[in-house]
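J.:
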Amino acid sequence: MENSLYRWYITASLIPAVAAIYYIAVFAASIQRLPAEVPVHFGLDGIANGWMNRYVWAIASLVVIVSILGLVFTTQPIPPTGALEAETAIVVDLMFWSAYGLVIGAFLAINRAATTDQPLRLLSILLWVGAVPMLEVLAAFALRGWWQR
Numbered sequence: 010m011e012n013s014l015y016r017w018y019i020t021a022s023l024i025p026a027v028a029a030i031y032y033i034a035v036f037a038a039s040i041q042r043l044p045a046e047v048p049v050h051f052g053l054d055g056i057a058n059g060w061m062n063r064y065v066w067a068i069a070s071l072v073v074i075v076s077i078l079g080l081v082f083t084t085q086p087i088p089p090t091g092a093l094e095a096e097t098a099i100v101v102d103l104m105f106w107s108a109y110g111l112v113i114g115a116f117l118a119i120n121r122a123a124t125t126d127q128p129l130r131l132l133s134i135l136l137w138v139g140a141v142p143m144l145e146v147l148a149a150f151a152l153r154g155w156w157q158r
């Protein structure tokens, strides 16, 4: 039982860790293209109405991403034990990962909008918010035989 619990933690942490690594890689590649003042707040029309210094944004966004990733690895997901409990555990874990997906999606969208001088697109945030939990479910079911042993 303890071995399958350990395997479940690895499975449940896999997608958020990959998402964080992806964000950090994209951010590192685009930091030189960021303007001196990065738009960080947008109105409903997608037009920026709040800005932050590029270096303050770099530090703040990385601190938030790394802090949340730290929570991923220190907060234990609910371990599934039976078929019904596995589905319940995945749903509860996905609520946490959805919040993480929202943060990463918003940060990626802000970086993209800043580096391309384009308006912020709600669709790009929604895609990330949906992608992180969806990939989490797929990973959980794809690795089911491994973590249920």
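If you want the working numbering, it's the 1-based position in the sequence shown plus 9.
Yeah, the Cβ is synthetic: ideal placement off N, Cα and C, and Gly gets one too.
(1) For the alpha helix (DSSP H) containing Ala69, name the first residue and the last one.
(2) Look up Ala57 in the DSSP assignment and give the residues it is bridged to.
(3) First and last residue of the alpha helix (DSSP H) that includes Ile134?
(4) From Gly114 to Phe150, what distance separates their C-alpha atoms?
(5) Going by C-alpha distance, which of Arg63, Pro128, Ile119 is nearest Tyr32?
(6) With distance defined between alpha-carbon atoms, name the residue in Arg16, Leu131, Val112, Pro142 nearest to Ser76.
(7) Are the beta-carbon atoms belonging to Val81 and Pro25 less than 8 Å from one another?
(8) When the Cα atoms are used, what is the spatial distance from Arg63 to Ile30?
(9) Quick check: what's the CA-CA separation for Pro44 versus Gly52?
(10) Determine, using beta carbons only, whether Thr20 and Ala148 come nearer to each other than 8 Å.
(11) Using CA atoms only, rank isn't needed, just tell me which of Ala122, Ile74, Leu117 is closest to Leu136.
(12) Rounding to the nearest angstrom, what Cα-Cα distance links Asp126 and Gly59 in this structure?
(13) Label Trp155 either buried or exposed according to how many other C-beta atoms from any shown protein chain fall within 10 Å of its C-beta, with 16 as the threshold for buried.
(14) With distances taken from CA atoms, which of Pro128, Val65, Leu23 is nearest Ile56?
T.: Short version:
(1) The residue given as residue 69 occupies position 60 in the sequence shown. Counted as a single uninterrupted DSSP element, the alpha helix (DSSP H) harbouring Ala69 occupies residues 63-83.
(2) Here residue 57 refers to the residue found at position 48 when the sequence shown is read from its first residue. Its beta-bridge partners are Phe51.
(3) For the purposes of this step, residue 134 is identified with residue 125 of the sequence shown, where counting begins at 1. Where Ile134 is concerned, the enclosing alpha helix (DSSP H) stretches over 131-151.
(4) Here residue 114 corresponds to residue number 105 of the sequence shown, with the count starting at 1. Here residue 150 corresponds to residue number 141 of the sequence shown, with the count starting at 1. Cα to Cα, the separation comes out at about 24 Å.
(5) Sequence index remark: in the sequence shown, residue 32 carries index 23 (1-based). Minimum Cα distance to Tyr32 is reached at Ile119.
(6) Stepping through the sequence shown from its first residue, residue 76 is reached at position 67. Ranking the options by Cα distance to Ser76, first place goes to Val112.
(7) Stepping through the sequence shown from its first residue, residue 81 is reached at position 72. Stepping through the sequence shown from its first residue, residue 25 is reached at position 16. Their beta carbons are under 8 Å apart, which means Val81 touches Pro25 by this criterion.
(8) Residue numbering aside, residue 63 sits at position 54 when the sequence shown is read from its first letter. Residue numbering aside, residue 30 sits at position 21 when the sequence shown is read from its first letter. Cα to Cα, Arg63 sits roughly 20 Å from Ile30.
(9) Along the sequence shown, read from residue 1 onward, the residue named residue 44 stands at position 35. Along the sequence shown, read from residue 1 onward, the residue named residue 52 stands at position 43. Taking the straight line joining both Cα atoms gives about 19 Å.
(10) Along the sequence shown, read from residue 1 onward, the residue named residue 20 stands at position 11. Along the sequence shown, read from residue 1 onward, the residue named residue 148 stands at position 139. Against a cut-off of 8 Å, the Cβ pair of Ala148 and Thr20 comes out as a contact.
(11) Numbered from 1 along the sequence shown, position 127 holds the residue referred to as residue 136. Answer by Cα proximity: Leu117.
(12) Counted from its first residue, the sequence shown places residue 126 at position 117. Counted from its first residue, the sequence shown places residue 59 at position 50. Near 14 Å, if we compare the C-alpha coordinates of Gly59 and Asp126.
(13) Here the question's residue 155 lines up with position 146 in the sequence shown. With fewer than 16 other Cβ atoms within 10 Å, it is exposed.
(14) Residue 56 sits at position 47 when you count from the first residue of the sequence shown. With distances taken between CA atoms, Ile56 lies nearest to Pro128 out of Pro128, Val65, Leu23.
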